[in-house]
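Heads up: the structure comes next, in structure tokens.
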Amino acid sequence: MTTITKILATFALYWHFTLDTILTHVFVIACLQAGFSISAALCMSFDSLLKITLSIFISHIIIRISPSMRGKGSMMLKLVMIGIWFVAINQMPIDKLSIIVFIPFLIFKLVLLFDSFMSAEFIFILQEYFSSDLSQSAAAQNILVRASTAIAPALALTLLFLPHMRLVAFIFAMILSVSSLFFLRKIFLLSSNTPFPINHQKPFSLRKIIENPMMRWGLIYQIAGNLAFSGVAFLFLSELKPHSHIFLNEITALYSAFLIAQCVVLVLGEDSVPVNEPVHIAPIMGLCGILVFIASVSQPGIARLIVCLLIGSTYSFSLSAVQKIITSQLRGPGYIEYAGWAQTAGRLTSFISVTLFGFALKAGFLPSTLLMFCGLMGISAAALLLRYSHKVAFSL
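Put into structure tokens, the structure is as follows:
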């Protein structure tokens, strides 16, 4: 399989996360424009709330489903998500708060979460049968999950203020979904022969997760990283104004740099991420915290945009490095169960962080003040991570 085909395969497998990013930003921007800052914070952090409450439960269910059923189920869920997404974006704009407006949004998030666990092992199938690089697969997923935020504000504004574009987006998404499933039919068929059998053992307890040095380090990274940086994007979004430039703004600059860095990993693979030990992650996280602090005290302008570019590229590199370390040590049912606990731990801190920032904005705190707090938390998180990284290196 050529490099281009590998890249297309990973994009086809995970492109649905782009729909999630766009939908989230549509609701967040609509709520902020209507003056509902707390509702905007809840929309931004609803992924976290779902993963807090359901990740462990869903992971325990998935490991008991046969690989062939996971493949077929994932195919159906990916098609269902397109219809739910179309219904959700047609609830805009938000004139008044009503639970009915948010129901399609909530259902889409729930279906996407379930599908993400159904297809969690597919990156290993890509590696097993198509000689795909795990770093390339992770980079493709990161581009779709996070770096699509670089264009999400522009697309969200387009869908909000040009209603006829919603039908165009739905048709395009449906065509892309059917095409990607046809392209990946071998993966879904080969999933019946996956080397990871159904797990009938008792699920991992939190104690067993913590006793494993690599899993414990991964949990600490999830908690510390989300606590420090999960609110950064929300705070930059809160600074957007109706007259803000669609592309020349802090959030777009941040995720554009993220996008470029992940594209480098996607093309070059693991060679572009010369990090193999957990101890190397802490300095990168510390640098990211310093950059966020600098952004908090900078005035809007070119200099601040440059700092945001550096934040995006630094965070992108750290994320690729962590995923490379984790996927090289964990796989199979153990990887799925770790993912369940890691998402629960990380998203709990993310939910708390973003929700508190929403209340802080409502109380009159400036986004720059809250960004300064994020930077200081990032520096502190780096120190904590460095301490536990040495313990992982010793145990390995």
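So the sequence shown is numbered by our numbering: it starts at 1 and just counts up by one.
Even for Gly, the Cβ is constructed at its ideal location relative to N, Cα and C.
A quick note: this is a predicted structure, and the numbers were derived from the prediction, not measured.
Item	Value
Would you decide whether A363 is buried or exposed? Buried here means 16 or more other CB atoms lie within 10 Å of its CB.	exposed
For Q299, name the three-state secondary structure that DSSP assigns.	coil
Count the other C-beta atoms from every protein chain shown that fall within 10 angstroms of the C-beta of V322, then say buried if there are 16 or more, exposed otherwise.	buried
V28 to S37, Cα distance in whole Å?	8 Å
Grouping DSSP H, G and I as helix and E and B as strand, with all else coil, what is R70?	helix
Could you tell me the distance, in whole angstroms, from the CA atom of L167 to the CA atom of I103?	20 Å
Measure the C-alpha to C-alpha separation of S192 and I175 and round it to an integer number of angstroms.	Residue confidence for S192 is low, a pLDDT of 49 falling below 50, so the modelled location carries little weight and cannot support an answer.
So which of I251, Q222, F114 has the shortest CA-CA distance to A154?	I251
Please state the DSSP three-state secondary structure of I175.	helix
Evaluate G358 with the Cβ neighbour count: other Cβ atoms within 10 Å of its Cβ, from every protein chain shown; 16 or more gives buried, anything less gives exposed.	buried
By Cβ distance, which residues of its chain are closer than 8 Å to A345, with the 5 residues on each side in sequence left out?	L219, Q222, I223
Assuming F236 and L254 are in contact, meaning their beta carbons sit under 8 Å apart, how far apart are those beta carbons, in whole angstroms?	7 Å
Following the continuous alpha helix (DSSP H) through H25, name the residue where it begins and the one where it ends.	16-33
Express the C-alpha separation of M75 and I58 in angstroms, rounding to a whole number.	18 Å
So what's V275 in DSSP terms, helix, strand or just coil?	coil
Measure from the alpha carbon of Y338 to the alpha carbon of each residue in R216, C374, P163, then state which is nearest.	R216
Is it buried or exposed, L42, if we count other Cβ atoms within 10 angstroms and call 16 or more buried?	buried
Suppose the cutoff is 7 Å on Cβ atoms and the five residues either side in sequence are ignored; what does the same chain contact list for S389 look like?	W217, P278, V279, I281, A282
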